[in-house]
Amino acid sequence: MIYRWLVVLLLLLPAKLLAQLPEPGWLQNERQAQLMQQAIELYSCIADVNQWYTLPTDLQLSPGDTNQHVPKLQHNLLLTKDLQPDHALPTTIYDTLIVSATMKFQQRHGLKPSGLIGPKTIAELNVPPARRLQLLRDNLQRWITTMSCTPKPAIVINIPAFELYVADSSEVLLQMKVITGKRKTPTYQNKTVLQSIVVNPTWNLPRSIAVNEIVPILRRNPNYLYKRNMRVYLDGRQINPWRVNWKEVNSSNYSYQITQLPGRQNELGGLKFLYDSKADQYMHDTPKKELFNYFPRDFSHGCIRLEKPYELAMYLLQHHNKNSEAKAKELLSTWKPNNYLLVKKTMPLYIIYQTAWVDQYGLVQFREDVYGYEKLNL
1 MIYRWLVVLL
11 LLLPAKLLAQ
21 LPEPGWLQNE
31 RQAQLMQQAI
41 ELYSCIADVN
51 QWYTLPTDLQ
61 LSPGDTNQHV
71 PKLQHNLLLT
81 KDLQPDHALP
91 TTIYDTLIVS
101 ATMKFQQRHG
111 LKPSGLIGPK
121 TIAELNVPPA
131 RRLQLLRDNL
141 QRWITTMSCT
151 PKPAIVINIP
161 AFELYVADSS
171 EVLLQMKVIT
181 GKRKTPTYQN
191 KTVLQSIVVN
201 PTWNLPRSIA
211 VNEIVPILRR
221 NPNYLYKRNM
231 RVYLDGRQIN
241 PWRVNWKEVN
251 SSNYSYQITQ
261 LPGRQNELGG
271 LKFLYDSKAD
281 QYMHDTPKKE
291 LFNYFPRDFS
301 HGCIRLEKPY
311 ELAMYLLQHH
321 NKNSEAKAKE
331 LLSTWKPNNY
341 LLVKKTMPLY
351 IIYQTAWVDQ
361 YGLVQFREDV
371 YGYEKLNL
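Quick note: the sequence shown uses the UniProt record's numbering, first residue 1, plus one each step.
Structure below.
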C-alpha cells in the first residue's frame with residue numbers, strides 16, 4: 001500500500017528540476033529566480049504531503065549494509081528526486097543506486113559525497129521539508145532584493161557556498177573556490193565594484209592580528225619576523241625587533257606597524273584585488289593552497305582568499321586593459337612591491353549570502369548558515 005501511494009506521489013511532484021544538462025544562464029538574475037521558484041514548488045509539495053521520515057541520529061550505513069531504516073531513507077531520497085522513480089520498490093539493502101542517490105544528496109548539502117551515512121548526513125536528512133521550504137522562500141527574496149538589475153558581466157561571491165563566479169548575461173565565464181572570514185571575523189556582504197589589482201602586495205598586519213597572534217610569538221622569539229620576511233616600524237621608521245621588550249607590549253600600548261614584504265611566504269600571495277569596503281576587506285592570493293580542499297572554508301580574518309587569482313586578474317586585464325595584462329606578467333616575475341593596476345572598466349562585485357539556490361544542473365543546493373544569519377529570521 002505504501003509503495004503504491006509513493007508511486008502516485010512521485011507522479012504528482014513537479015518534474016521541472018529533473019533536467020541534468022548544464023544550463024549556461026543559471027546565474028542570470030531572472031533565470032535563477034525562476035529556478036528557485038520551481039524548487040519552492042517541489043518542496044511545497046513534499047511539505048504538504050507530510051510523509052517525511054526522521055531517521056535515528058545514531059544511524060550509520062556503508063554500501064552493501066542491510067538495515068530496517070533503508071526504506072525510510074529511500075523514501076526521502078525519492079521525494080527530493082535524488083533517487084529516480086524507477087527505484088521506488090522498498091528494499092532494506094543500502095544498494096548501489098541508493099548509495100549514488102545519497103552521494104547526490106550529500107553534494108547538494110555541502111557534504112563530502114562519500115556515500116557513507118553518519119551524523120552530518122543524518123542531520124541534513126532530518127531537516128523537515130517545511131524548514132527547507134522556508135529557507136528557499138527567504139533566499140529567493142534575498143536574491144531578488146540583492147541581484148535585481150545587476151549589470152553584466154559581474155563577479156558574484158556566495159559566502160555560504162565558498163565560491164566565486166564571473167558571469168555575463170548568458171553564462172558563467174570563470175568559477176573558483178574561495179576562503180571567507182570566520183564567524184567571529186565575518187566577510188561582509190557588499191554591492192560594490194572592483195577598483196584595482198595590486199601586484200606583489202606587502203601585507204600591513206591589522207592591529208588585532210599583530211597584538212593577538214604575532215606579539216605572543218615575539219615574546220618568545222623576535223627572530224620570527226625575519227623568518228616570515230616581516231619588518232617592524234615605529235612612527236614610519238624601521239626598528240630592530242630585538243630592541244623591543246615584547247613582554248610589555250599589549251593591546252593598550254601597541255604602537256607599531258608590522259609589515260610582511262612580498263615573497264613566497266606573503267599571506268596575500270602575489271595579487272590583491274581592491275574594492276570599496278568599510279571593513280578594509282579585499283580579495284587576494286594565498287600561499288596556503290591546501291585549504292581549498294576543505295569545506296566549509298571559513299578560515300580568514302574577513303578578507304577573501306582566491307583559488308585562481310591569476311585567472312581572475314588575466315580575465316580582468318585582458319578584457320579591459322590589454323597593456324596592463326602584459327605589465328602584470330612582467331611584474332609577477334619580480335618582487336617589486338605594491339604595483340597598482342587600475343581596472344579601467346570597473347567590474348561590479350556582489351558578495352552575497354545565499355544558503356539555498358539552484359545550480360547549473362537544476363539541482364537544489366543548500367549550505368550551512370555559517371554566520372547564523374538565517375536564525376535571525378526564525
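Quick reminder that beta carbons are idealized off the backbone N, C-alpha and C, glycines included.
Practice task
Determine the direct distance from the alpha carbon of Pro128 to that of Lys72, and round the result to whole angstroms.
Solution key: When rounded, the distance between both Cα atoms is 14 angstroms.
Exercise for the section: Could you tell me whether the Cβ atoms of Ile93 and Thr66 are closer together than 8 angstroms? Expected result: yes
Practice task
Would you mind giving the Cβ-Cβ distance between Ala101 and Ile197, rounded to the nearest angstrom? I have them listed as a contact below 8 angstroms.
Solution key: Between Ile197 and Ala101 the Cβ distance is about 44 angstroms, and since that is not below 8 angstroms, they are no contact.
Problem - Nearest-angstrom Cα separation, counted from Leu174 out to Pro216 - result: 41 angstroms
Practice task
Give the secondary structure of Lys327 by DSSP, where H, G and I count as helix, E and B as strand, and everything else as coil.
Solution key: helix
Practice task
List in chain order: all unbroken beta strand (DSSP E) runs of 3+ residues lying wholly within the segment 187 to 270.
Solution key: 190 to 199, 230 to 234, 237 to 239 and 257 to 260
Problem - Whole-angstrom distance between Ile351 and Tyr188, CA atom to CA atom - result: The C-alpha of Ile351 is placed about 7 angstroms away from the C-alpha of Tyr188.
Handout entry: Beta-carbon proximity list for Met1, same chain, < 6 angstroms, skipping 5 on both sides
Key = Residue placement at Met1 is poorly supported in this model, since its pLDDT is 42, which falls under 50; the coordinates are not used for a value here.
Exercise for the section: Report yes if the C-beta distance between Leu341 and Leu317 is below 8 angstroms; otherwise report no. Expected result: yes
Exercise for the section: Name the two residues that bound the continuous beta strand (DSSP E) containing Trp52. Expected result: Where Trp52 is concerned, there is no enclosing beta strand (DSSP E), given that its DSSP letter is neither H nor E.
Problem - Cross-strand partners of Arg305 (DSSP beta bridge) - result: Note: Arg305 sits in a beta bridge opposite Ile179 and His284.
Problem - Local conformation of Phe295 per DSSP, three classes - result: coil
Exercise for the section: Could you check what DSSP says for Glu290 in three-state terms: helix, strand or coil? Expected result: Glu290: helix per DSSP, three-state reduction.
Exercise for the section: May I have a chain-ordered list of the beta strand (DSSP E) segments no shorter than 3 residues that lie completely inside the segment 126 to 167? Expected result: 154 to 158 and 163 to 167
Problem - Those residues which DSSP pairs with Met347 across a bridge - result: Met347 pairs with Leu194.
Handout entry: Collapsed DSSP secondary structure at Gln365 in the structure displayed
Key = strand
Practice task
Under 6 angstroms Cβ to Cβ from Ala19, same chain only, skipping five residues before and after it: list those, please.
Solution key: With a pLDDT of 48 at Ala19, under the threshold of 50, the predicted position of this residue should be treated as unreliable, though the coordinate-derived value follows. Cβ within range, chain order: Gly362.
Problem - Whole-number beta carbon distance between Gln74 and Thr96, since they are thought to touch under 8 angstroms - result: About 13 angstroms separates the two Cβ atoms, so there is no contact after all.
Exercise for the section: For Thr66, name the three-state secondary structure that DSSP assigns. Expected result: It is a strand residue.
Problem - Classification of Arg237 by the beta-carbon crowding that lies within 10 angstroms, buried from 16 upward - result: exposed
Handout entry: Sheet register partners of Ala356 (DSSP bridge)
Key = Phe366
Practice task
Output the distance between the C-alpha atoms of Glu374 and Phe366, rounded to the nearest integer angstrom.
Solution key: 12 angstroms
Practice task
State the Cα-Cα distance for the pair Trp242 and Tyr233, rounded to the nearest angstrom.
Solution key: 13 angstroms
Exercise for the section: Using only alpha-carbon positions, find the residue among Ile98, Ile304, Asp48 and Ala130 that is nearest to residue 380. Expected result: In the structure as shown, the chain starts at 1 and stops at 378, and residue 380 therefore has no counterpart that could be examined.
Handout entry: Within 8 angstroms, strictly: CB atoms of Tyr315 and Val193
Key = Not closer than 8 angstroms, so no.
Handout entry: Test: Met36 CB closer than 8 angstroms to a CB of chain D
Key = Given the protein chain composition of this structure (a single chain), no chain D is represented.
Practice task
Select from Thr180, Ser170 and Asn339 the residue whose C-alpha is nearest the C-alpha of Asn200.
Solution key: Asn339
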